[in-house]
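Accompanying notes for the structure given below.
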Amino acid sequence: MMDEIGPNFFSRPPEVCARELVGCLFRWDGCLTRVVETEAYASVDDEACHTWNRKGAREFVEAHSAGTAYVYLNYGVHWLFNVLVKHPNASGFVLLRALEPVSGIEQMRSRRPGIADRQLCAGPGKLTKALGMSGKIHGQNFLQTTTRGFVRKSGTEVAMGSRIGISKAIDRLWRFGDPNSASLSKKFGSVTD
DNA sequence: GTCATGATTCAA
DNA sequence: TGAATCATGACA
Numbered sequence: 128m129m130d131e132i133g134p135n136f137f138s139r140p141p142e143v144c145a146r147e148l149v150g151c152l153f154r155w156d157g158c159l160t161r162v163v164e165t166e167a168y169a170s171v172d173d174e175a176c177h178t179w180n181r182k183g184a185r186e187f188v189e190a191h192s193a194g195t196a197y198v199y200l201n202y203g204v205h206w207l208f209n210v211l212v213k214h215p216n217a218s219g220f221v222l223l224r225a226l227e228p229v230s231g232i233e234q235m236r237s238r239r240p241g242i243a244d245r246q247l248c249a250g251p252g253k254l255t256k257a258l259g260m261s262g263k264i265h266g267q268n269f270l271q272t273t274t275r276g277f278v279r280k281s282g283t284e285v286a287m288g289s290r291i292g293i294s295k296a297i298d299r300l301w302r303f304g305d306p307n308s309a310s311l312s313k314k315f316g317s318v319t320d
């Protein structure tokens, strides 16, 4: 079964959204990819989330609806792409960490010259560059567009582990991914990380 | 494996 | 003013 994902999908707890997004197809203008790695962040009680120490992030959660793009510049170098999750008791974000190119590969190659196909989107900063994303889409609800969005696709094996690149709240196993994909940003361990 | 890169946010 | 930051590519 395959159907377009709407705001309702992102109206559940972030870890549920992040897990179910693995294996789904991601349409972004002329490019089509498969989601192979995500991470969940909670707007409350999660030290690793921007909302923990960023007033602007908390205001963003309040001001926008489920499915809105939350894009920010990391280390002053890389754009990172998140989807806003809204739930009465568990709002937060899903970070896209890695994608597998399916079609529109020529466009991705042109934005990342000299990179092997499977590595084009094998990291949170890599995928935004390959797809031509930037801060311009911050705050946009792309689910309502015709050229951008997710298509549900079940049946993918999902592994879980500790989130990457953070020093706080590493006990939460909120990184999800397809362990068999060749386009992960980092491999998954046997059980936990 | 180490290391330079370098924008934005927020608190002081 | 400065410290911290959800990473990457180049190089040894």
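Heads up: take any position in the first sequence, counting from 1, add 127, and you land on the working numbering.
Note that CB positions come from ideal geometry on N, CA and C, so glycine has one too.
Self-check item: Span separating the alpha-carbon of Ser230 from that of Phe315
Solution: 26 Å
Quiz item: Is Pro240 buried or exposed, if buried means 16 or more other CB atoms sit within 10 Å of its CB?
Solution: exposed
Quiz item: Under the DSSP definition of a beta bridge, which residues are partnered with Gly288?
Solution: Arg302
Quiz item: How many Å lie between Gly288 and Asp130 at the Cα?
Solution: 28 Å
Quiz item: First and last residue of the beta strand (DSSP E) that includes Leu205?
Solution: According to the sequence provided, residue 205 is His. The question's Leu does not apply to it. From DSSP, the beta strand (DSSP E) with His205 extends over 205-212.
Practice problem: Please work out which residues of its chain come closer than 7 Å, Cβ to Cβ, to Glu181, disregarding the five sequence neighbours upstream and downstream, and give them in chain order. | Solution: One detail in the question is off: residue 181 reads as Arg in this sequence, not Glu. Cβ within range, chain order: n/a, list empty.
Exercise. Report yes or no: do the stretch 219-238 and the stretch 158-174 share at least 3 C-beta pairs separated by less than 8 Å?
Key: yes
Self-check item: Exposure of Asp305, with buried meaning 16 or more beta-carbon neighbours within 10 Å
Solution: buried
Practice problem: Find out if the Cβ-Cβ distance for the pair Arg245, Ser310 is shorter than 8 Å. | Solution: yes
Exercise. Compute the beta-carbon to beta-carbon distance between Glu227 and Arg299, rounded to the nearest angstrom, for a pair I have assumed lies under 8 Å.
Key: 25 Å between Cβ atoms; not a contact.
Quiz item: Does the ligand GDP have even one heavy atom less than 7 Å from the beta-carbon of Arg146?
Solution: Ligands displayed in this structure: none; no statement on the ligand GDP is therefore possible.
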